[in-house]
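In my numbering, the protein residues as written are 11 to 219. Glycine included, every Cβ here is placed at the ideal spot set by N, Cα and C. Since the structure comes first, as structure tokens, the remarks are kept for the end.
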Amino acid sequence: MWDLFRNAGWAAYPLGFCSVIAVAIVLERFYTLGHLRRLEAEAFRGLLRRFDETGQIDAANTGDGVAADAPSVRVLEAIAPVRHASVEARKEAADIALSQQRLRLRRFLPGLATIGSTAPFIGLFGTVLGVMTAFRGMSTTGLSGETMASGISEALSATALGLLVAIPAVFAYNFFTGAVSGFLLEIQNHTVRLGALMEPQAQPGREAK
């Protein structure tokens, strides 16, 4: 791999930068998504336990005593102010909150997709320039075939390096996209279930009217 960087010419610099950014995004997303999954599981269990113990979930204090940063808790807190409003208003609040959580979970993933799609072209551009330089040198100085082959080999290193950066980035992007989709479905299920446990609290107020 070091030989590829060394032989890729100027293309090694942007591709090296892209590889560092891609690794940073992968590590950050692994940590963040794992952390949020633990918070989500903890919050869901905590709220169900609270309901079993008290018979209710106070919509105004959903996050008290549980993982308040959990995605489903944030969605419930967004729904709480309109819990006595119409179904449409509650649905709109839930959709907005879920969209915010989707953006939160997908943070930096567009950057990973950009690296995966552009790295091969950076490598290809480096290869084209390398081949052009090799042919230009052959026409002006009469390079031997062996030297020409060596120059082309170095130029192709740029393409190989571009693919080496792009393939793991694309794989990681697809992996995280699938993980986020599954996690969002889990958040929606938790929100619906916990929201149903909050719903009976609105009934006495309606009956009092």
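Host alpha helix (DSSP H) of residue i (start-end)
i	result
F27	22-64
A80	From DSSP, A80 is part of no alpha helix (DSSP H); its letter is neither H nor E.
S109	97-115
Whole-Å CB distance - residue i paired with residue j, under 8 Å assumed
i	j	result
A179	G126	4 Å
Cut-off 8 Å between Cβ atoms - residues of its own chain near residue i, not counting five sequence neighbours on either side
i	result
G215	Its pLDDT being 43, under 50, G215 is placed unreliably in this model, and the value from its coordinates should be taken loosely. Excluding sequence neighbours, G215 sits near H94.
I162	G140, V141, A144
Contact check, residue i vs residue j, beta carbons under 8 Å
i	j	result
I89	G205	yes
E102	S82	no
T137	A99	no
G133	L171	yes
L115	L37	no
E52	A78	no
Own chain residues within Cβ distance below 7 Å of residue i, not counting five before or after
i	result
A218	Low confidence applies to A218: its pLDDT is 40, below 50, so where it sits in the model is not reliable, and the reading given next is rough at best. Within the same chain, A218 has no close Cβ partners at all.
W20	G136
Nonlocal neighbours in the same chain, by C-beta distance under 6 Å from residue i, ignoring five residues either side
i	result
S29	V175
R39	F186
A80	L49, E50, A53
Contact with chain E by residue i, beta-carbon distance below 8 Å
i	result
T128	Although the question refers to chain E, the structure presented lacks it and comprises just one protein chain.
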